[in-house]
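A short worksheet on the structure shown next.
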Amino acid sequence: MTNYNIKYKQHNNNHKVVASAPGKVILYGEHFVVYGTSAILCAIDKRVHITAIKSQDIQIQSELANLKHNSYKQNISQIDPILRPLYYIAKKSTEITGSNSGITLQVKSDIPSGAGLGSSSACCVAGAAAVLKLLESTNTQTDDIINMAINAERTVFPNASGADTAVSALGGMITYNTKTGYEKIKSHTVPKFGLVITNSKIPHNTKTVVSQVERFKNKNQIKFRELLNKETHLVSQVLSILNSKDSDRQLSKAAVVRLGKLASLNQEYLKAIKISNNALDKIIKIMESMTFGAKITGAGGGGCIIGFTDKKTANSKTQTGKTEKETSKAMSQIEIVKRISNMGHDCFEANIDNTGLNTF
Ligand code: PMV
C-alpha cells in the first residue's frame, strides 16, 4: 500500500478542529471482490463534516443519535452501535496522545445513511482526522488515519474491508483487492464523467446479501467461476481505459461511453448472482435509457443504483430510437435527476470527489 500524506491546513484555534470526508460508490467489482477480483471505487462529492471540540466529557451530537455526558471509563460494547466508532476514535486518540481531555464531536452529513454510500466510513475518517489534530498528535500520516478509521468501523462491522475508508481519505478513484489492499488510480486528476444516483430506499444488509452470494457460489460453482473470470476481465478493461495514455488529462467521450457500457455489463453479472430484484431492475432500466450505463452499487438487494454520464450530456433514447446525443438534444445530469425524481424516485447527481479528507 502506498502512503499518501494529508496536508493539514493551519489554524489558530487549538480547542476546535473541523474535518470533512467524502462518501463513495463502488463503480465495478462488488461481491466478486470477496473472491479475489479487484473492485474499483470512487469518492463522491457528498460529505460528512465533523467538528471536534475539547470539553469536560465525551459528547457526540449527530442527526442520527446523541451521546451525552459520557466518560472514557465505559466499556465500548455498551455504547450505541451508531455512536460506537466515534466513541472508539475519541478514546483511542486520547490514549495515543496521552491527553486527558474530553471531546465533543458534532456530526453533519449530506451522505444518505444506510444506502451503501459510505457515510459511516466518511464519519470515521473525518472523526479520526479531527480528533487526532485536536489533540495535536504529531507525525500523523494518512495511513494512521485510515487505520484508526478502519478499526473504528470494525467495532460495529468486524469484516469491513477498509476500501470505503481508504477512498474516503484519499479521494479520487482506487482499486481494492483483498490480498493487496488499496491503490490509488493516479493516471488522471479529474475524470470527466459524472454519476447519477438513485436511492431505491429498499433496506439492505450487506452481511445478509454476501452470505446469499456465498450460497449461490456453493450451489453453482462452475457458473460462478465463469462469472468471476468475466468480472476480472471487465475490471482489467476498465483499468486499461482509466490508465490509458490519452486519459492523462481527461477521458475522451468515447472512453466514458465505454465505461458506461462496462457498467451495464457488470450489472448483468450482478443479476446472474441474484443480487438484483424487480424493483431494482426497473430503476436500472429507466437509468439506462438516460445514461451511458447503470448498475447496482454495493451489496444490492436494495440500496443505490448508479448511472454514468459525461457530466454535461447523456445518451437518452428518444421515441425515434435515436439517442439524444445523436440528435444533439443533450440531457444534463440535472435533467436526468429531474425526470427520475418526477417518477417518484429519490435521485441526485454526484461527481467524483478528488479532495478526499480535508481539515480546517
Ligand atoms: O454495500 P456496501 O457499500 O457496503 O458494499 C458491499 C460490497 C461487497 O462487495 C458486497 C462486500 C465487501 O465486503 O466487499
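The numbers in the sequence shown follow the numbering used here, run straight up by one, and end at 759. We treat Cβ as the ideally placed atom computed from N, Cα and C, and that holds for glycine. Remember, it's a predicted structure, so these values are computed and weren't measured experimentally.
For ALA562, the uninterrupted alpha helix (DSSP H) segment begins and ends at 562–569. PHE707: member of the beta strand (DSSP E) spanning 703–708, first to last residue. The beta carbons of THR690 and GLY702 sit no closer together than 7 Å. Of the other Cβ atoms in all chains shown, fewer than 16 fall within 10 Å of the Cβ of PRO557; this residue is therefore exposed.
Nearest C-alpha to GLY526 among LEU485, ALA559, SER476: LEU485. Distance from the CA atom of SER419 to the CA atom of THR539, rounded to whole angstroms, is 16 Å. At least one heavy atom of ligand 1 sits closer than 6 Å to the Cβ of THR605.
DSSP places LEU658 in the uninterrupted alpha helix (DSSP H) bounded by 652–671. Boundaries of the alpha helix (DSSP H) around ASN628: 620–641. One alpha carbon belongs to ILE495, the other to ASP444, and they sit about 31 Å apart.
For the pair ALA562 and THR577, the Cα-to-Cα distance works out to about 9 Å.
LEU466 has its alpha-carbon roughly 47 Å from the corresponding atom of ILE640. The Cβ-Cβ distance between SER508 and SER520 does not fall below 7 Å. A contact between stretches requires three or more CB pairs, one per stretch, nearer than 8 Å, and the segment 453–472 fails this requirement with the segment 433–440. For ASN465, the uninterrupted beta strand (DSSP E) run begins and ends at 465–469, by DSSP. Relative to ligand 1, the beta carbon of GLY700 is positioned no closer than 6 Å to any heavy atom.
A heavy atom of ligand 1 is found nearer than 6 Å to the CB of VAL432.
As DSSP reads the structure, HIS448 sits in a beta bridge with SER419, LYS507. Looking at LEU533, MET742, GLY571, the one whose alpha-carbon comes closest to that of SER599 is MET742.
The beta carbons of VAL637 and TYR427 sit closer together than 7 Å.
Around THR493, the same chain offers no residue with a beta carbon nearer than 6 Å, after the five sequence neighbours per side are excluded.
Taken atom to atom, the span from the alpha-carbon of SER731 to that of THR541 is near 36 Å. With fewer than 16 other Cβ atoms from the protein chains shown falling within 10 Å of its own Cβ, THR537 counts as exposed.
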